[in-house]
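Residue numbers (the working numbering): -4 to 354.
Where a beta carbon is used, it is the ideal one built from N, C-alpha and C, also for glycine.
So the structure is just underneath, and the comments pick up after that.
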Amino acid sequence: MAIHAIRLVNIFKGQGCELHFYAWDEDPVSGPLLHKKLKRTLKLPPLRNTTIHFPKTARDPTELAKLIAEIQPDIVHSMPIQGASYHVHLTKKIMGEKFPPWFVSCWGQDMHLFGRLNDHRQHIRDVMSSCDYFISESAEDIELAKKFGFKGRDSFIMTTSPGFDVRKIAALRNPRAPSKRKWILLKGYQHFYGRALTALKALELCASDVANYKIGIYAASPSVEIAAQLLSIRTGLSIQILPVVSHQQQLRRVGKARVTISNNLSDGVPNTMLEAMLLGAFPIQSDTARTATWLVDGVSGLNVCHDDPHAIAAALRMALLDDRLVDHAAEINFKLAEKELNAEIVRQRFLDAYKSALA
-4 MAIHAIRLVN
6 IFKGQGCELH
16 FYAWDEDPVS
26 GPLLHKKLKR
36 TLKLPPLRNT
46 TIHFPKTARD
56 PTELAKLIAE
66 IQPDIVHSMP
76 IQGASYHVHL
86 TKKIMGEKFP
96 PWFVSCWGQD
106 MHLFGRLNDH
116 RQHIRDVMSS
126 CDYFISESAE
136 DIELAKKFGF
146 KGRDSFIMTT
156 SPGFDVRKIA
166 ALRNPRAPSK
176 RKWILLKGYQ
186 HFYGRALTAL
196 KALELCASDV
206 ANYKIGIYAA
216 SPSVEIAAQL
226 LSIRTGLSIQ
236 ILPVVSHQQQ
246 LRRVGKARVT
256 ISNNLSDGVP
266 NTMLEAMLLG
276 AFPIQSDTAR
286 TATWLVDGVS
296 GLNVCHDDPH
306 AIAAALRMAL
316 LDDRLVDHAA
326 EINFKLAEKE
336 LNAEIVRQRF
346 LDAYKSALA
């Protein structure tokens, strides 16, 4: 089960809700009332025109239909669109009018990227034209949903993050001004949408500017690990491949960083960016993410072209040379994040969305 879904569980604590998890392609990690006795499989349409891989088989939607008929939930909520929501659409076709109100959550590149791929367009149209409620991280994706046929009862703009305990987060923040910090953090994804190798090239282009900083790479793909080692050998830069740690320990890392870099072909509202905003790190973010609501480019962060290492290098130089920019951005970002990402506020938004379906 994806980490976004696992974190969402906390929203329902103390609400007297009964949660049933169903994994369309594999057994969930853990949680309450998990249903695993679903054995038959359904072959999915092949993804002929892309190297993006999804499971070749999934559980038979008739099994999910039987489960829904047995449990009779008040709401069905699928996340993300790819895979899980495709599967629920097939299930709804089987059940027809007996299907409960259906929420769909859009994550990251669900429509921004996959909506441009031939193998996915019709699946997205099917989901959007038959779901009742749509949750997205941005107004842009709400508009995309309408273009794909969404005519449901309502839509909501909310982050995939369940919010943060702002007081606890503040305690993880390094007391030093962000401009005094000596770490640069890079998210190390290199796959169908991650573009960390381009960011590494940018680091090489401004090697003299980052020479006095420690560079930490977390969640590094194998190709990024190799490229980082070679870059360190060539330039003498202090580059560390950071091991997997708990979420709290990762937040402490962010709290020690002057700059964070996240570079992707496509993304929604990156949790890494939100965490940087809370912890005083200056976010450099690829302009393919949904950052408009959160960052003022050149003021509270920098948006860069994901495939232009020179643009990323220029942004990094600015963030390292302009102390006032970095410190002022930290103040702006924390105030916004404190207002919009407080766990209780986010929790209530989710609960209000569900209540609207039951009214």
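Cβ neighbours of residue i in the same chain (closer than 6 Å, five flanking residues each side left out)
| i | result |
| --- | --- |
| cysteine 126 | Trp97, Val99, Gly147 |
| phenylalanine 145 | Met123, Phe129 |
| tyrosine 188 | Gln104, Asn259, Leu260, Ser261 |
| arginine 35 | Reliability of the predicted coordinates at arginine 35 is poor, the pLDDT of 33 falling under 50, and no value is obtained from them. |
| alanine 348 | Phe151 |
| aspartate 72 | Before going on, a small fix: residue 72 reads as histidine here, not aspartate. The residues are Phe98. |
| lysine 334 | none |
| isoleucine 164 | Leu273 |
| alanine 140 | Met123, Phe129 |
| histidine 115 | Phe109 |
Rounded distance between the beta-carbons of residue j and residue i, thought under 8 Å
| i | j | result |
| --- | --- | --- |
| isoleucine 119 | phenylalanine 109 | 7 Å |
| glycine 183 | alanine 215 | 3 Å |
| tyrosine 208 | isoleucine 228 | Rounded, the Cβ-Cβ distance is 18 Å, inconsistent with contact. |
| threonine 6 | phenylalanine 345 | First, the residue type needs correcting, since residue 6 is isoleucine and not threonine in the sequence shown. That belief holds up - the Cβ atoms of isoleucine 6 and phenylalanine 345 are roughly 5 Å apart, short of 8 Å. |
| arginine 253 | alanine 287 | In fact, because the Cβ distance is near 24 Å, the residues do not count as touching under 8 Å. |
| methionine 153 | valine 341 | 7 Å |
Assigned exposure category for residue i - 16 Cβ within 10 Å defines buried
| i | result |
| --- | --- |
| glutamate 132 | buried |
| valine 356 | Any question about residue 356 goes unanswered here, given that the chain covers just -4 to 354. |
| valine 294 | exposed |
| glutamate 270 | buried |
| proline 173 | buried |
| leucine 195 | buried |
| leucine 336 | buried |
| serine 241 | exposed |
| isoleucine 221 | exposed |
| lysine 8 | exposed |
| proline 170 | exposed |
| proline 304 | buried |
| alanine 191 | buried |
| alanine 64 | exposed |
| alanine 306 | buried |
| alanine 223 | buried |
| leucine 181 | buried |
| glutamine 77 | buried |
| leucine 315 | buried |
| alanine 206 | exposed |
Reference residue i; option with closest CA among the options
| i | options | result |
| --- | --- | --- |
| aspartate 302 | Leu290, Trp289, Arg319, Gln280 | Gln280 |
| histidine 323 | Val299, Pro278, Glu220 | Pro278 |
| lysine 88 | Ile340, Gly250, Asp55, Glu13 | Asp55 |
| alanine 309 | Asp318, Arg319, Asn298 | Asn298 |
| isoleucine 355 | Gln243, Ala202, Glu138, Leu274 | Only positions -4 to 354 of the chain appear in this structure, which leaves residue 355 out of reach. |
| leucine 232 | Lys251, Glu220, Ile210 | Ile210 |
| asparagine 266 | Gly158, His115, Lys141 | Gly158 |
| proline 75 | Arg319, Thr288, His107, Glu65 | His107 |
| methionine 90 | Thr57, His115, Val321 | Thr57 |
| phenylalanine 94 | Ile66, Gln77, Ala325, Gln117 | Ile66 |
| alanine 338 | Ile212, Gln224, Asp160, Ser218 | Asp160 |
| proline 217 | Val205, Leu237, Ala206 | Leu237 |
| isoleucine 212 | Gln243, Asp204, Gln77, Val249 | Val249 |
| tryptophan 289 | Phe329, Leu315, Ile256 | Phe329 |
| valine 219 | Gln185, Gln117, Ala197, Ala140 | Gln185 |
| alanine 197 | Arg116, Phe143, Ile256, Gln245 | Ile256 |
| phenylalanine 143 | Gln245, Arg162, Gln117 | Gln117 |
Cut-off 8 Å between Cβ atoms - residues of its own chain near residue i, not counting five sequence neighbours on either side
| i | result |
| --- | --- |
| arginine 247 | Leu167 |
| aspartate 121 | Tyr81, His84 |
| isoleucine 327 | Val291, Val294, Ser295 |
| threonine 193 | Asn258, His301, Asp302, Asp303, Pro304, Ile307 |
Cβ neighbours of residue i in the same chain (closer than 7 Å, five flanking residues each side left out)
| i | result |
| --- | --- |
| leucine 353 | Asp69 |
| glutamate 135 | Arg285 |
| glutamate 199 | Leu226, Thr230 |
| alanine 332 | Leu269, Met272, Leu273 |
| lysine 350 | none |
| tryptophan 102 | His(-1), Met74, Pro75, Thr155, Gly263 |
| threonine 283 | Asn259, Leu260, Ser261, Asp262, His301 |
| lysine 251 | Asn169, Arg176, Trp178 |
| arginine 312 | Cys201, Asp204 |
| aspartate 318 | Ser174 |
| isoleucine 47 | Any reading at isoleucine 47 must be qualified, since the residue scores a pLDDT of 36, below 50, and its modelled position is unreliable; no value is offered. |
Any non-hydrogen atom of the ligand NAP within 6 Å of residue i CB
| i | result |
| --- | --- |
| valine 219 | Among the components of this structure there are no ligands whatsoever, and the ligand NAP is therefore not found. |
Within-7 Å CB hit, residue i to chain B
| i | result |
| --- | --- |
| leucine 297 | In the structure shown, chain B does not exist; there is a single protein chain. |
* **Runs of beta strand (DSSP E) wholly within the stretch 222 to 267 (minimum 3 residues, chain order)** => 233 to 236, 252 to 257
* Asked: Can you give, in chain order, each stretch of the beta strand (DSSP E) that sits fully within the stretch 62 to 114 and has at least 3 residues?
  -> 71 to 73, 97 to 100
* Where in the stretch 265 to 338 do unbroken runs of the beta strand (DSSP E), each at least 3 residues long, occur, reported from the N-terminal end onward? -> 277 to 281, 297 to 299
* To do: Taking only runs that begin and end inside the stretch 164 to 207, name each unbroken beta strand (DSSP E) of 3 or more residues, in chain order.
  => 178 to 182
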